[in-house]
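A.B. asks: Below is a structure I'd like to ask you about.
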Amino acid sequence: MADAIVAEGLCKKFGAVTALDGLDLRVPRGTVTGLLGPNGAGKSTAVRLLTTLLTPDGGRAEVDGLDVVTRAAEVRRRISLAGQHAAVDENLTGFENLEMLGQLLHLGRRRSRERADELLHDFDLVEAGRRRTKDYSGGMRRRLDLAASLIVAPSVLFLDEPTTGLDTRSRAALWDTIGDLVSGGTTLLLTTQYLEEADRLAHQIVVVDHGRVIARGTPNELKGQVSGERLEVTVDPAADLETARTVLATVGTGPVVVNDAAGVLGVPVDDGVETLLASTRRLREAGVGVLDVALRRPTLDDVFLALTDRPAPAPAPEAAQSPEGVR
Amino acid sequence: MSSVVTAFGEGVVIARRNLRMIMRVPDLLVNSAVAPAMMTLLFGFVIGGAIDLPGVSYREFLLNGIFVQAVLFGAVNTGTAIASDVRNGIVDRLMSMPISRSAVLVGRTTSDVVNNAVVISVTALLGLVVGWRVRSSFLDALVGFAVLLAFAYALSWLMALVGLAAPVPEVVSSTGFTVAIPLGFLSNAYVPIDSMPTVLGAVAQWNPVSAVVQALRDQFGIVGPAAARPDVWPMQHPVAASLLWVGLILVIAVPLAIRQYRRAVGR
Chain A
1086 MADAIVAEGL CKKFGAVTAL DGLDLRVPRG TVTGLLGPNG AGKSTAVRLL TTLLTPDGGR
1146 AEVDGLDVVT RAAEVRRRIS LAGQHAAVDE NLTGFENLEM LGQLLHLGRR RSRERADELL
1206 HDFDLVEAGR RRTKDYSGGM RRRLDLAASL IVAPSVLFLD EPTTGLDTRS RAALWDTIGD
1266 LVSGGTTLLL TTQYLEEADR LAHQIVVVDH GRVIARGTPN ELKGQVSGER LEVTVDPAAD
1326 LETARTVLAT VGTGPVVVND AAGVLGVPVD DGVETLLAST RRLREAGVGV LDVALRRPTL
1386 DDVFLALTDR PAPAPAPEAA QSPEGVR
Chain B
514 MSSVVTAFGE GVVIARRNLR MIMRVPDLLV NSAVAPAMMT LLFGFVIGGA IDLPGVSYRE
574 FLLNGIFVQA VLFGAVNTGT AIASDVRNGI VDRLMSMPIS RSAVLVGRTT SDVVNNAVVI
634 SVTALLGLVV GWRVRSSFLD ALVGFAVLLA FAYALSWLMA LVGLAAPVPE VVSSTGFTVA
694 IPLGFLSNAY VPIDSMPTVL GAVAQWNPVS AVVQALRDQF GIVGPAAARP DVWPMQHPVA
754 ASLLWVGLIL VIAVPLAIRQ YRRAVGR
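In order, the protein sequences belong to chains A and B. First residue of the first sequence: 1086, per the working numbering; consecutive thereafter. First residue of the second sequence: 514, per the working numbering; consecutive thereafter.
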C-alpha cells in the first residue's frame, strides 16, 4: 500500500529559529498518525508545510504522491486542514460558514446549502446552525471547524491540535467524532500535545522534539521502549512509609518513588508477577498494611520523559473554556 | 482566462461574506461615514468661516475634497480587515483549499467598492444639506463619481498591501492614517493650491488626491474663480491624470499585495 504522506529531511527556519531540522515521516494510506510533541517542537510547522501553507527550506514532501511544492495546487485538491485556531467566521452562523466554503469549493449554491445541512446534522449542530458562531462554546467551534474540513471528503485530513483548550468532556466527545471519521478509512495526520489523545486515536505515533523525530512506533511499541513495568503499592494510612520504602527497595530494580500524601509507593521491577507476590509477602511480614497493589505498564508520559529527559507538557488550562452547551 | 473568471467568482463569494459582516457589525461602516461628516462640520463651519473664496461658497469647494478624504480614510479599513483575517486563521483554511490565491484580496477590494459607494452617498446627501451642488449634467456627475470609486478601489489595494505587511492589525490603522492625513491636507481638497508656499504647492500640484479633487470639481461643475487651477498637466487634465494614477497604483499594488499575502500566510 502506498504511503499517503511522505516527508524526507524536511527543514524550515524562521529567522534564527530552526523549526524543523530534518523531519522524516511516512503515513500509510487509511491510517492515523499522531505527531506528538511539546509546544514549539515543530508539529504545526510540519503540518503547514504538508498543507502547502509554507514551503520548506530543505528536504521534500509528498501528499498522495504529489510534491507539496511543485504540485501544490493539486495537493490542495486532496487535503483538508482544520487548524489550531478553529478558523470559523465569528460573525457568520454555522450554516453560513459551511455554505460559504462549499461555494468556494464550487459545489454550487444549492449543493452547498444541502451539504451544510448534512454536516450540521452529522456534527450535532442542527440547533446551533442558525446562530452566529461567536456564541458557540469551544467544543462547538471545533466541531464546526472539523465539519468545515469535510465539505468535500479529503483524501488526507490534517488536524492541528484539534482538542487544545477544550474541557475534558468536549475533548472526549470530539475524540468519538474523530474516531468515527477514521473508522471510515480517512488518512489522518493529527498533531497533539496530549499523550492520551495520541494513544487513543493513532495507529502510529511519531514523537517530535526540536524539529526532529525522536521516536516512532505504535503506542504499544513506544511504551515497550521504556523497559519493564512498575509496581505501585498503596499502603494503609497508618503504616510507616519509611519501612515500606525499605522493603520495596529490596525487590525493585531502581529508586523507589514515594508519594507521601497519597500513601503510594512506586518502583520499577523486572519479573512483574513474582515480584508482586514477594513484595506483598514481605510488606506483611514487616507489619505494613497494604490497601492495593498494581503492576502498571508505562504510559506515554513515562515514554516522553524517558525520550526527552523532560516531563510531558502539562495540558493547557481548561478554565477558559466554558463547558459544552452551557453558553 | 478561465482562471481569472474563477478567481473573480471566488472573490464574489468572499465579498458577500464581507458585506454580510458589514450588516452585522456596522460599526466600521458607520465610522467611515462619520469621519467625513466630522471633517465637513469642522472645516465647513468652524474653520471655513475664515476662508473666503471669491464667487463660490467654501462649503461647495470643500465637499468635493471631503469625498476624496472619505475614501482615503475608508481605505485604511481595508488594511485592518485583511490583517485581522490573516491573524484569526481563516486565511489559513482558505489557503489550504483549492481556491485562487487572490480570492481573499479580490473579495475584500470588491466589497469595499460597495462600502465606499455607501460612504460617498452619505457624504453626498450631507453635502446637499450644507450647500454642495451638482451644476453639471447627470452624465458628467456620473463620470465624477466613477473616477472617485476607481480611485477608492486603487487605494483599497494599496492599503491591503500595508495591512499584509504590518506585523499586527493595530499597526495598520496608525500607519494608514499617518499616510492618509498628510496626503489629504497637502492637496487642493481644503484650500486652493495657489495659497500654499512654493514647495508645498508643487507637492500638492502632483499629489494624486489633488487630481481626483480637481476632477470632481470639474465634473460636478464648480463655477467662478474657484474653478481656476495651476498651469500644470495633472491640474489641467484632472480626469486623465486621476485615471493614470489609478492605473499606476493598481499595477504596482496588486502584484505586490498578492505576493505579500502569500508571505503573510507563511509567517
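C-beta: ideal position from N, C-alpha, C; glycine also. Keep in mind it's a predicted model, so treat the numbers as computed, not measured.
#1: Cα separation between B/V712 and A/S1222?
#2: Which two residues bound the contiguous beta strand (DSSP E) that contains A/E1246?
#3: Does the beta-carbon distance from B/V619 to B/A777 come in below 9 Å?
#4: With a threshold of 9 Å between beta carbons, is B/N601 in contact with chain A?
#5: Verify the CB distance criterion: does A/D1174 have a CB-CB separation below 9 Å to chain B?
#6: Taking 8 Å as the threshold, find out whether the region 609-625 of chain B comes into contact with the region 542-554 of chain B through three or more Cβ pairs.
#7: Which runs of the beta strand (DSSP E) fall wholly inside the region 1147-1181 of chain A and span at least 3 residues, in chain order?
#8: With distances taken Cα to Cα, identify the nearest neighbour of B/P705 among B/V559, B/L668, B/L696 and B/A717.
#9: To the nearest whole angstrom, what separates the beta carbons of A/L1166 and A/F1099, a pair I think is in contact under 8 Å?
#10: For a cutoff of 9 Å on Cβ pairs, would you count A/R1198 as touching chain B?
#11: Is the beta carbon of A/L1095 less than 9 Å from the beta carbon of A/D1109?
#12: For a test of the three-state rule: what should DSSP assign to A/D1284, helix, strand or coil?
#13: If distances are taken between C-alpha atoms only, which option among A/Q1278, A/I1299, A/R1285 and A/H1206 comes closest to A/S1268?
#14: Assuming B/V725 contacts B/V660 (C-beta within less than 8 Å), just tell me the rounded distance between them.
#15: Spatial neighbours of A/Q1188 within its chain, please: C-beta separation below 7 Å, excluding the five flanking residues on both sides.
#16: Do three or more CB pairs link the region 1167-1177 of chain A to the region 1234-1248 of chain A at distances below 8 Å?
#17: Alpha carbon to alpha carbon, how far is B/A740 from B/Q727?
#18: Could you check the C-alpha separation between A/T1130 and A/N1124 for me, to the nearest Å?
#19: From which residue to which residue does the beta strand (DSSP E) around B/F586 run?
#20: Looking only at its own chain, which residues have a Cβ that is under 7 Å from the Cβ of B/L662, when we skip the five neighbours before and after it?
#21: Please classify A/L1380 as buried or exposed, where buried requires at least 16 other C-beta atoms within 10 Å of its C-beta.
#22: What in chain B is Cβ-close to A/G1156, meaning under 8 Å?
#23: Can you list, in chain order, the residues of the region 1183-1197 of chain A whose Cβ is nearer than 7 Å to any Cβ on chain B?
#24: Going along the region 519-533 of chain B in order, which residues come within less than 7 Å of chain A, judged by CB to CB distance?
#25: Taking A/V1318 as the reference, give the member of A/G1337, A/R1301, A/L1280 and A/A1300 with the closest Cα.
#26: Quick one: which chain A residues come within Cβ less than 8 Å of B/S686?
#27: If the cut is a Cβ gap below 8 Å, which residues of chain B does A/L1166 touch?
#28: For the beta strand (DSSP E) that A/T1276 lies in, which residues bound it at each end?
#29: Report back the beta-carbon spacing between A/V1241 and A/D1149 to the nearest angstrom; my notes put them in contact at under 8 Å.
#30: Excluding the five sequence neighbours on either side, which residues of its own chain have a C-beta within less than 7 Å of the C-beta of B/S686, listed in chain order?
#31: For B/V736, go through chain A and note every residue whose CB falls closer than 9 Å to its CB, in chain order.
#32: Between A/V1411 and A/D1220, what straight-line distance do the alpha-carbon atoms span, to the nearest angstrom?
#33: Give a yes or no on whether 9 Å exceeds the smallest Cβ distance from A/E1147 to chain B.
#34: Checking contacts by CB at 9 Å: is B/R781 closer than that to chain A?
#35: Taking the continuous alpha helix (DSSP H) assigned at A/E1314, which residues delimit it?
#36: Here's a check: name, in chain order, each residue in its chain whose Cβ is nearer than 6 Å to the Cβ of A/A1324, leaving out the five neighbours to either side.
C.D. replies: From the atom records:
#1: 59 Å
#2: No beta strand (DSSP E) contains A/E1246, which DSSP labels as neither H nor E.
#3: no
#4: yes
#5: yes
#6: no
#7: 1164-1167
#8: B/A717
#9: Not really, about 19 Å apart at Cβ, beyond 8 Å.
#10: no
#11: yes
#12: helix
#13: A/R1285
#14: 6 Å
#15: R1194 and S1197
#16: yes
#17: 8 Å
#18: 11 Å
#19: No beta strand (DSSP E) contains B/F586, which is instead part of the alpha helix (DSSP H) from Y571 to R600.
#20: V626, N629 and A630
#21: exposed
#22: A small fix is needed here, since residue 1156 of chain A is Arg in this sequence, not Gly. Within 8 Å Cβ-Cβ: nothing; A/R1156 doesn't reach chain B, min ~12 Å.
#23: M1185, Q1188, L1189 and L1190
#24: E523, V526, R530 and R533
#25: A/G1337
#26: Simply none; closest approach about 19 Å.
#27: D605, R606 and S609
#28: T1272 to T1277
#29: 6 Å
#30: V589 and T593
#31: The contacting residues do not exist; B/V736 stays about 46 Å from chain A at best.
#32: Because the pLDDT of A/V1411 is 35, which lies under 50, any placement of that residue in the model is unreliable, and the number read from its coordinates should be weighed accordingly. Looking at the two C-alpha atoms, the distance is approximately 11 Å.
#33: no
#34: This structure leaves residue 781 of chain B out entirely; chain B is present only between 514 and 780.
#35: No alpha helix (DSSP H) holds A/E1314; the beta strand (DSSP E) holding it covers E1314 to V1320.
#36: V1373 and G1374
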